[in-house]
Structures are given as C-alpha cells and as structure tokens.
Amino acid sequence: MLLCRFYSLETVTFEYRIVMRINKCLFSVVVGFLFMFPPSLRSENVTIDDKSYQMDRLIERRIGPGTTYLRLRLPEIPLNVNMVIADMTNEYVRVENSVANESAKGTEKIVSAAMRLSESEHRVIAGQNANFWAVSSQSPDGKLFSSQTRNVSIRNGKMVTECNMASEMAFGGPLQVTGLMGISPDKEIYIDYCQPSMVIRVNDGIALYNVSQCNKGVHPDEIGIYNSFYGSDTKFSPISSELDANGFYRLAEGGDATEVILDIADGEEWMGGRFIDFIVKEIRTDAGFGTLGNHDLAIVGRGNGRTKLANVKVGDRVALKYTFRFSPSSSSVYPLVETAIGGNLLMMRDGEVLSRCNAADYDSMTYPRSLYGTSDDHKTLYMMVIDKSTDPVYGKSAGLSTAKAAQIARHFGCAYMMQCDGGGSAEMYVTDRIVNKTTENTPRAVANCLMVFDDSPADSEISRIEIDYPEEIVSLPLGATFEPRILAYNRYDSLLDTIPDYTLVCSDGVGVVDGCGFIASDTPAFGTLTVVCGEKSVTRQISVGGALSSIGSIASDNTDSVLKLTPRMVLPGRNVGLKCPFMSAVEIYNISGQLLSRHSVPDLDSFTIAAPQNPGLYIVTAVTGRGRFSQCLVVG
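With the UniProt record's numbering, the residue at position 166 of the sequence shown is 166, and numbering never jumps.
Here's what the structure looks like:
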C-alpha cells in the first residue's frame with residue numbers, strides 16, 4: 001500500500017509510505033529511514049559533465065499567471081532543487097527588486113517582505129534572495145556599510161546601491177567577472193557582462209561628472225549621491241583617507257564637502273538608462289554630515305568632486321544618469337533599466353558554461369546556491385535555489401558547483417545565468433512560505449530579493465480546477481491510496497486555493513473511490529480519474545501497477561507469480577536473478593511506468609540483471625510467449 005498524504009496550500013510537502021509483502025513477511029519502508037524513495041512522479045534525464053542523471057519532478061505547479069514552480073530531485077547526487085520559471089510576456093507578470101524595509105541599510109525576512117508588498121492586485125507569488133551584502137566583520141567597509149548590498153541594486157527605477165567601479169568594486173566587477181541582471185520596463189531580462197556608468201550633468205551642459213557611490217559614503221575627491229533609500233534623517237558619510245587601527249574605513253571630520261539638495265522635476269520619474277531631471281532646492285557648503293530631509297536627491301562632492309559642483313545654483317536643472325552597457329565586447333545593448341540586481345559570478349553566457357566557474361573555491365565547491373537566469377530571447381526568468389542540507393521530507397541534498405548547476409538550468413532553456421548570495425542566504429519563497437530547506441534552523445533575513453508578482457485583477461470566481469500532480473498520467477502502485485490535492489484557478493490563472501470538498505469518479509477496473517480518496521486496484525489497470533467540484537471538473541488518466549497503453553498489461557505483484565526475483569530487495573547495482581519459463585526479453589520500469597532498460601533473452605528460463613543505480617521501487621517485467629509477468633524490485 002502506498003499512502004499519499006497531501007496537505008493544504010500552506011504546506012507543499014508529501015508523505016509517502018510503501019508497504020509490500022516480501023517472502024510472506026510484511027516489509028515496511030518509510031521515507032528517510034531505510035532508504036530515500038522520492039515520489040518519481042515524472043522522471044527525465046539531465047546531462048551534467050557528459051553524464052546522464054535521473055531527475056524527478058516532484059512538484060510542477062502553476063502558481064500564478066505565466067509562472068510555474070518546480071521541485072526537482074536528483075537522487076544519485078543526491079540533490080534538491082527548487083525553481084520558479086516566469087514568462088515575462090504574460091501581461092500580469094511583474095518582477096521587482098524588494099529592498100529590506102525600503103532601506104539601503106538593513107535586512108528583512110522574505111516572508112515579511114512578501115506580506116508587506118502584497119496588495120489585492122499586486123500579489124507576491126514567488127521570491128528569492130539576491131545580492132551579497134556587507135557584514136560588519138569584513139574590512140575595510142564592513143563597519144560603515146554593514147548590511148548594504150554589494151553590486152548594483154535598483155528598485156522601480158531608483159538606485160539603491162551602485163555597481164561601484166572605483167573604491168568598492170565588488171568581486172572583480174561586472175565587466176569581466178560578475179556581470180549584472182537588468183530588467184527593462186517592457187520586461188526584457190538582460191544577464192551578461194556589463195559596463196556601468198553613473199554621471200551628472202548641470203543645465204544641459206556638455207560636461208559629465210562621474211558619480212562613485214550611492215547611499216553609502218563619499219571618499220576624498222569623489223561625488224556620491226543619496227536618495228530616499230538612505231533615509232531622510234540619516235547623516236551623510238564622508239570617509240577619511242586613512243583607515244582605523246583595525247583596517248576599517250572611518251568617518252572624516254567633515255566640513256570639506258558641498259551638498260546639493262534636489263527634487264525630481266515635474267513629470268519626471270526614476271529610471272536607469274536615461275537622464276533623470278532634478279531641480280536644485282538648496283546648496284550647503286563646508287558640509288558633509290547633512291541629511292536628505294523630505295527631498296528626492298542629494299549630491300555630495302569632496303575635493304575634486306566639490307570643485308565640480310562649485311558653479312551649481314539654486315533653481316538649476318541637474319540631470320542624473322546611470323546606464324548599463326550589456327555585452328560590451330560584442331553587440332552592445334543599452335536598455336532602460338527598471339530593476340537590477342548583482343551577484344559575484346556570471347556562470348553561463350549564450351548557453352555556454354564559463355570557465356570562470358572553476359576559478360574560485362566558492363564557485364567550484366559543492367554549496368547551497370541562489371541563481372538567476374534568462375532565456376536567449378530575454379523573455380523568460382529562471383530562479384533556482386540549490387540546497388545543501390537534509391530536508392525532513394525530501395532527504396539529503398549535497399549542494400552543487402556553479403558549473404553543474406548551470407547545466408541543470410540549461411536543460412530547461414536557460415541561456416544566461418549568474419550567481420547571487422548562497423550559503424545560508426539561499427532561500428526560495430513560493431505562495432506563502434520558504435519552500436527549500438536552508439542551512440539554518442530559521443530562514444535568514446536578507447538585504448534584498450527578487451520577487452514575482454501576480455498583477456491580475458482581483459477575481460475569486462473559480463474558472464478551472466487541477467489535480468496537483470506533475471504528470472499527465474497519475475501513476476500508482478498496486479493497492480495505493482491516493483488523496484488528490486485539488487487546486488482552483490480563476491480566469492487569469494491566479495492560484496486561488498485548494499478545494500477541500502469534491503467528488504471523485506473513476507473508470508471501471510482501476511480501483512474504487514472512498515470519500516475524497518481513491519484506492520487503486522490490486523491488479524494492473526489503466527483508466528481515468530475525474531474530480532468534480534460544482535460545475536467544474538478535471539479528468540486525468542491513471543495507471544495502476546505500471547499498466548500503460550504503450551506497454552500492455554502487467555501482472556499482479558504477488559509471491560505466487562510466474563516470475564521469481566532473487567533477491568527482491570537489493571543494493572544499487574547488485575545482481576538480481578530472474579526465473580520465468582521461455583523469456584524473450586526483460587524490461588525494467590520505474591514506478592511511473594517509464595521504460596528504463598530492455599534486455600533480449602533468447603528463450604531462457606533464468607537470467608541475471610544488474611539492479612538500477614538509484615534507490616527506489618521498480619517493476620521488472622519478463623516478456624514471454626504466454627504473456628507479460630512482473631514483480632516489484634526494491635533498490636536501496
């Protein structure tokens with residue numbers, strides 16, 4: 001008997017228990033106790049470093065318009081992978097960079113950020129941590145810039161932190177190492193090497209002055225900017241040219257800066273990739289520790305930077321521009337940028353895994369990872385979290401290198417991919433909770449995350465229902481009990497809820513209905529299972545005991561079968577003896593009914609096969625002139 005317990009929408013886990021009679025004894029296998037038996041609901045092969053691995057889609061669920069959540073299991077490694085794939089061409093899909101409590105300095109749990117940002121027609125359906133951030137122990141900037149994102153961060157067109165090309169260039173910079181991710185207002189995604197710049201222009205003049213920092217500090221001879229993400233009452237931070245005794249930045253004495261305070265011009269809006277016009281409201285000289293107040297922008301210059309601001313007057317028009325030249329060494333693109341995040345490594349470019357994936361220990365070791373990718377046409381977003389932990393339901397996950405992770409993403413159509421903050425920060429949020437098992441007991445608060453929103457109109461009317469099962473055919477072992485989890489969607493494809501009350505109807509011979517559950521037949525059968533809820537219904541094909549129209553009927557698993565296996569429980573790769581009169585072939589299927597291997601046998605009564613390498617439950621079928629005879633084989 002296979003017991004499948006499906007929980008409500010708030011919990012996205014399964015509990016499996018397999019009970020089989022072997023040698024007239026009741027043998028019980030509990031997931032996570034004797035061996036791992038992932039629910040191989042849909043199996044496929046993925047190639048990693050020229051080796052083929054079995055990959056099981058344990059969950060494949062539409063969670064909103066154009067957005068699908070996948071939970072993957074690669075048992076041989078072993079590995080747990082969570083993915084969200086979003087179609088950016090869907091009119092109701094929107095992706096934003098969430099900033100912790102709308103502040104450039106601080107952290108926030110992803111679940112809290114999702115609750116804070118969700119509205120009736122702007123609902124967070126998925127999220128994942130993004131940038132690395134400075135911690136107080138990291139010199140030289142950790143004390144002054146603690147919990148501020150490293151690399152670029154842009155939210156709704158407004159810069160949170162810059163992609164520093166001067167004093168604090170992160171991880172070797174975006175031009176040759178990290179790359180960047182930018183999303184344009186028309187929702188095209190760019191992930192590639194990038195040459196960023198940030199400049200100001202005064203009164204439409206021809207002179208452009210470089211800006212080095214955003215919402216951090218201002219070094220001697222630099223120009224920095226501050227906006228609302230820095231806070232209205234937080235003092236600006238002039239940085240001394242000398243480090244403290246422990247090698248950290250320290251504040252300068254002040255009084256050597258010019259502060260230009262501005263408001264955004266009428267009709268203007270924040271946006272990367274073009275000039276944004278501001279009007280000067282106040283000028284402070286011999287300053288450095290001022291505040292933004294209720295204004296939109298502050299420009300602070302010290303040394304040479306101060307000299308460049310000397311002729312600016314109240315009422316002047318000053319334009320700010322931060323641009324991103326993607327693919328600078330080939331066909332350069334200068335998109336408008338509404339959303340941007342940055343990591344530490346560009347992993348894959350034009351479908352090719354980059355050699356730099358093996359250059360640093362952090363990137364080449366097996367590790368928990370948070371990765372973002374896009375398709376070749378820039379219209380699909382891939383969010384991926386790799387676990388290195390032991391999930392109480394899905395088992396141990398060993399982690400993965402960046403090069404191998406990129407190859408899994410490529411299997412799904414990803415062509416460009418970069419790495420963001422991993423380790424204990426690697427977290428994925430789906431619907432209402434963190435779905436992966438992090439390395440910490442409680443999911444960590446992070447500096448920012450990328451979120452997928454469902455922007456469809458609010459609509460609670462059910463348009464369709466679905467059985468929450470990742471394959472078109474529901475495959476069950478003999479005698480299994482199946483309690484389907486029913487998902488309800490509105491006309492926009494928004495996931496509304498689970499449906500607790502429904503009616504099940506099954507075709508003759510496949511089993512019987514018991515309330516909201518289905519009990520599979522004791523003999524192999526193929527038919528249909530229909531769920532009815534009011535005027536809505538959904539029908540799925542169902543295979544019991546491996547019976548599929550493509551492989552014919554498979555005999556019942558019992559100890560008196562014509563086919564004998566010795567042993568029927570075996571370690572991976574070990575030999576298994578078969579006895580069955582006049583065998584012409586031996587076939588091995590997984591529990592989903594997928595043919596894994598076929599061996600020709602020239603009319604023998606006995607034969608030896610090697611057990612599959614991956615732990616699990618398999619169906620071994622002897623093909624004879626009298627028919628097909630099967631037995632279950634336990635590998636673990």
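Just so you know, even glycine gets a beta-carbon here, dropped at the ideal spot from N, CA and C.
Taking 8 Å as the cut-off, is the C-beta of residue i nearer than that to any heavy atom in the ligand NAD?
i, result
"L529", "This structure simply doesn't include the ligand NAD, nor any ligand for that matter."
Of all the options the options, which has the alpha carbon lying nearest to the alpha carbon of residue i?
i, options, result
"N45", "I408, S103, E427", "I408"
"A130", "G545, C449, A458, E461", "C449"
"K579", "I239, D603, M88", "D603"
"P65", "M55, I85, I59", "I85"
"S212", "D56, K321, D454", "K321"
"A398", "N575, T608, V435, K388", "K388"
"L476", "Y394, V635, Y193, G546", "G546"
"N151", "L144, V177, A126, Q128", "V177"
"C163", "F278, C194, G422", "C194"
"I584", "D186, S600, L595", "The amino acid at residue 584 is misidentified as Ile; the sequence shows Ser. Among D186, S600, L595, the Cα nearest to that of S584 is on S600."
"K187", "D377, N358, V385", "D377"
"D497", "A480, T503, G205, E461", "E461"
"Y502", "R485, Y489, M451", "R485"
"Y367", "L79, K105, F453, R57", "L79"
"R491", "C516, G515, D459, I499", "D459"
"Y489", "T67, I59, R42, D49", "T67"
"G303", "T566, V337, G254, I341", "G254"
"T47", "Q419, V95, A406", "A406"
"E76", "N90, D87, D56, I63", "D56"
Mind checking residue i: buried by the 16 CB within 10 Å criterion, or exposed?
i, result
"M115", "exposed"
"T161", "buried"
"D557", "Note that D557 has pLDDT 38, beneath the 50 cutoff, so the model's placement of it is unreliable and the number below is only indicative. Buried: at least 16 other Cβ atoms inside 10 Å."
"H219", "buried"
"L243", "exposed"
"M198", "buried"
"P392", "exposed"
"M348", "buried"
"V353", "buried"
"P457", "exposed"
"L292", "buried"
"R123", "buried"
"A359", "exposed"
"R369", "buried"
"S137", "exposed"
"A447", "buried"
"Y334", "exposed"
"T258", "buried"
"L571", "exposed"
"residue 637", "Outside the displayed range of the chain (1 to 636) lies residue 637, so it cannot be described from this structure."
"P500", "exposed"
"F582", "exposed"
"V505", "exposed"
"A245", "exposed"
At which residues does the beta strand (DSSP E) containing residue i begin and terminate?
i, result
"I588", "575–590"
"R540", "536–544"
"S212", "Premise fails: S212 is in no beta strand (DSSP E) and is neither H nor E."
"R568", "Counting along the chain, R568 falls outside any beta strand (DSSP E), and DSSP gives it neither H nor E."
"E96", "93–99"
"N203", "Where N203 is concerned, there is no enclosing beta strand (DSSP E), given that its DSSP letter is neither H nor E."
"P602", "595–610"
"A525", "525–533"
"N45", "43–48"
"V620", "616–624"
"G224", "223–226"
Thinking residue i and residue j are a contact (beta carbons under 8 Å), I'd like their distance in whole angstroms, please.
i, j, result
"A611", "R574", "5 Å"
"I542", "L529", "5 Å"
"I154", "N97", "6 Å"
"E282", "I261", "4 Å"
"A113", "Y69", "Incorrect: roughly 18 Å between the Cβ atoms, too far for contact."
"V544", "G515", "In fact, because the Cβ distance is near 19 Å, the residues do not count as touching under 8 Å."
"V318", "I200", "6 Å"
By the DSSP assignment, the alpha helix (DSSP H) with residue i in it spans what residues?
i, result
"R116", "110–117"
### Those runs of the alpha helix (DSSP H) which lie wholly inside the stretch 230–292 and span at least 4 residues
For the stretch 230–292, not one full-length alpha helix (DSSP H) segment reaches 4 residues or more.
### Query
What are the uninterrupted segments assigned as alpha helix (DSSP H) that are 4 or more residues long and contained completely in the UniProt domain "Phosphodiester glycosidase" (303–453), given in chain order?
Under the rule that a run must span 4 or more residues, the alpha helix (DSSP H) segments found entirely inside the UniProt domain "Phosphodiester glycosidase" (303–453) read 304–308, 361–364, 402–411.
### Message
Which complete beta strand (DSSP E) runs does the stretch 51–88 hold, if anything under 3 residues is left out?
### Response
The qualifying runs are 51–64, 67–74, 79–87.
### Query
Whole alpha helix (DSSP H) runs in the stretch 120–199 with 4 or more residues, listed along the chain?
The stretch 120–199 contains these whole alpha helix (DSSP H) runs: 142–145.
### Task
Write down every uninterrupted run of the beta strand (DSSP E) in the stretch 451–517 whose length is 3 residues or greater and which is fully enclosed by it, in chain order.
Qualifying beta strand (DSSP E) stretches, in chain order: 464–467, 473–476, 486–489, 495–498, 503–506, 511–514.
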